[in-house]
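Here's the structure we're looking at; comments come further down.
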Amino acid sequence: MHNEIVNVTPEQKAPEEGNTLLEVSDLVVKFHTDDGVVNAINGLDIRLDAGETLGLVGETGAGKTTTALAIMGLIDCPPGRIHSGEIIYKGQDLLKIKEDKYLKIRGKEISMIFQDPMTSLNPVMPIVDQISEAIKNHQNVSNHEAEKRAVEMLRVVRIPPERANEYPHQFSGGMRQRVVIAIALACNPSLLIADEPTTALDVTIQAQVLEMMKDLRREFNTSMIMITHDFGIVAETCDRVAIMYAGEIIESGTLRDIFKNARHPYTIGLFNAIPNLEQDTEFLFQIKGLMPDPMALPAGCPFSPRCDYAEDFCGVAKPCKTNLPGEDHIVKCHIYEGALSINEIRREA
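If you count by the numbering used here, then the sequence shown holds residues 1 to 349, one letter each, in order.
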């Protein structure tokens, strides 16, 4: 089993609200290109309760950002297309509503913090105007009132109000990220999607931004999807965790379930790849092979070409979701399927 790398505190258990805010079911997203079809999302399922933070973890290319863009309704068509599935937000399927209604939800009820704060901001607009623009788009307020609220949001993200009329290039990377967070929270959204919000920041600034986001989440009672490849960030901010691989969720559960009792070989491999300061090793562990080509995915388990435990049938038979002991702990792996024997799986394949 993987090394212990964090202490999960009681405060990080899933909140007791229990009301499902967002449920994505069997989502399939493909990109149709001249070279072929890119299978970006392949039957993805995630659930987020009110007041909860879900960590969406996986390697580059797993489909994390595409998932976020699908929830936001920002998949470019063409070449992208949502082929099937449901995105149920507050009881309504976002895939079935008209674009004008989506525009009212996007930015007001569901906001997103994008990876690169420099490309997310308009370089020729003062930051106060960029925040107030977000407010005016969704609230019936005057220019003066919108600007007043924008200045207040700068205070909330700990930027001095006297810098309100400065431009993005005049701010450091950490300060620009705070501006992006202020824009995302300007209309007090119910759901915030943070797409690797600290990737471009140094460790000290990263810690400050994460601490600020935790404080703002509590203050605004905002649910959050934290997209990252860093288990340290997950341990600091999340209540539940979903491990993503080749456009699927291959394991999910509470923070404690995943960190203390990971079951999928891929999840265990990710933990083992984290350096352990208590062990003297010459080489770091690495998962063999590479993420499969999304234009040529294996017929069975997408992780089977890299898995040390794979049998012949793993490459041709897709694993089902298996419920494990724990609070909503689910894994997709033939190892844990009790309903079918190896011979039965081979016959079905």
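Think of the CB as a built atom: it goes at the ideal place given N, C-alpha and C, for glycine as much as any other residue. As the structure is a computational prediction, the values presented were derived from the model and not from experiment.
Taking its Cβ as the centre, do 16 or more other Cβ atoms sit within 10 Å of residue i, making it buried, or is it exposed?
| i | result |
| --- | --- |
| Glu52 | buried |
| Arg218 | exposed |
| Cys307 | buried |
| Thr204 | exposed |
| Cys333 | buried |
| Met125 | exposed |
| Gln206 | buried |
| Phe171 | buried |
| Thr33 | exposed |
| Asn140 | exposed |
| Leu201 | buried |
| Thr281 | exposed |
| Asp76 | exposed |
| Gly289 | exposed |
| Gly300 | buried |
| Asn19 | exposed |
| Asn42 | buried |
| Asp35 | exposed |
| Asp239 | buried |
| Ile100 | Ile is not the amino acid found at residue 100; the sequence shown has Asp there. So Asp100 ends up on the exposed side. |
Excluding sequence positions up to five away, which residues of its chain have a Cβ less than 6 Å from the Cβ of residue i?
| i | result |
| --- | --- |
| Ile416 | Absent from the model: residue 416. The displayed extent of the chain is 1 to 349, so no value can be given. |
| Gly269 | Ile287 |
| Val38 | Phe31, Pro294 and Met295 |
| Leu48 | Leu21, Leu22, Leu54 and Ser223 |
| Arg149 | Ile135 |
| Met291 | Glu59 and Gly61 |
| Thr322 | Val331, Tyr336 and Glu337 |
| Lys318 | Gly300 |
Given a cut-off of 9 Å on the beta-carbon distance, is the pair residue i and residue j in contact?
| i | j | result |
| --- | --- | --- |
| Glu162 | Ala146 | no |
| Cys187 | Glu59 | no |
| Ser252 | Ala50 | no |
| His329 | Thr254 | yes |
| Pro302 | Gly247 | yes |
| Ile274 | Thr267 | no |
| Ile181 | Met212 | yes |
| Ile350 | Gln177 | Since the first and last residues shown for the chain are 1 and 349, residue 350 lies out of range. |
| Arg81 | Phe31 | yes |
| Pro298 | Gly315 | yes |
| Asn143 | Gln130 | no |
| Val234 | Val29 | no |
| Gly173 | Met118 | yes |
| Met226 | Thr67 | no |
| Ser304 | Leu192 | no |
| Gln279 | Pro197 | no |
| Arg263 | Leu210 | no |
| Thr237 | Lys260 | no |
| Lys104 | His138 | yes |
Considering just the uninterrupted stretch of the alpha helix (DSSP H) at residue i, what are its terminal residues?
| i | result |
| --- | --- |
| Val234 | Phe231 to Thr237 |
| Met112 | Looking at the DSSP string, Met112 is not in any alpha helix (DSSP H); the run it does join, the beta strand (DSSP E), is Ile110 to Ile113. |
| Thr65 | Lys64 to Met72 |
| Arg218 | Val203 to Phe220 |
| Leu255 | Leu255 to Asn261 |
| Ile183 | Gly173 to Leu185 |
| Val141 | Where Val141 is concerned, there is no enclosing alpha helix (DSSP H), given that its DSSP letter is neither H nor E. |
| Gly269 | Pro265 to Asn272 |
For residue i, which residues of its own chain have a beta-carbon under 8 Å away from its beta-carbon, when the five flanking residues on both sides are left out?
| i | result |
| --- | --- |
| Tyr309 | Pro265 and Ile335 |
| Leu216 | Val156, Val157, Ile181, Leu185 and Thr222 |
| Pro78 | His32 |
| Ala242 | Ile46, Leu54, Gly55, Leu56, Val57, Ile249, Glu251 and Ser252 |
Name, in chain order, the residues that DSSP records as bridge partners for residue i.
| i | result |
| --- | --- |
| Glu106 | With the sequence shown as reference, residue 106 is identified as Arg, and Glu is not the correct amino acid for it. Paired residues: Ile110. |
| Pro55 | In the sequence as presented, Pro is not what sits at residue 55; that position holds Gly. Looking at the DSSP assignment, Gly55 forms a beta bridge with Met226 and Val241. |
| Leu297 | DSSP, once it has assigned bridges, lists no residue as partnering Leu297. |
| Ala194 | Ile113 and Met226 |
| Ile330 | Ser252 and Asn323 |
| Gln170 | DSSP, once it has assigned bridges, lists no residue as partnering Gln170. |
| Asp93 | Ile88 |
Tell me the residue span of the beta strand (DSSP E) that contains residue i.
| i | result |
| --- | --- |
| Gly85 | Gly80 to Tyr89 |
| Gly289 | Looking at the DSSP string, Gly289 is not in any beta strand (DSSP E), and its letter there is neither H nor E. |
| Ile131 | First-last for Ile131: Ile127 to His138, but that is the alpha helix (DSSP H), not the beta strand (DSSP E). |
| Arg47 | Gly36 to Asp49 |
| Lys30 | Thr20 to Thr33 |
For residue i, which residues of its own chain have a beta-carbon under 7 Å away from its beta-carbon, when the five flanking residues on both sides are left out?
| i | result |
| --- | --- |
| Asp45 | Val24, Ser25, Asp26 and Ile249 |
| Asp93 | Glu86 and Ile87 |
| Gly73 | Leu94, Tyr102 and Arg106 |
| Ala40 | Val29, Lys30, Phe31, Gly63, Thr66, Gly247 and Pro294 |
| Val151 | Val128, Pro161 and Ala164 |
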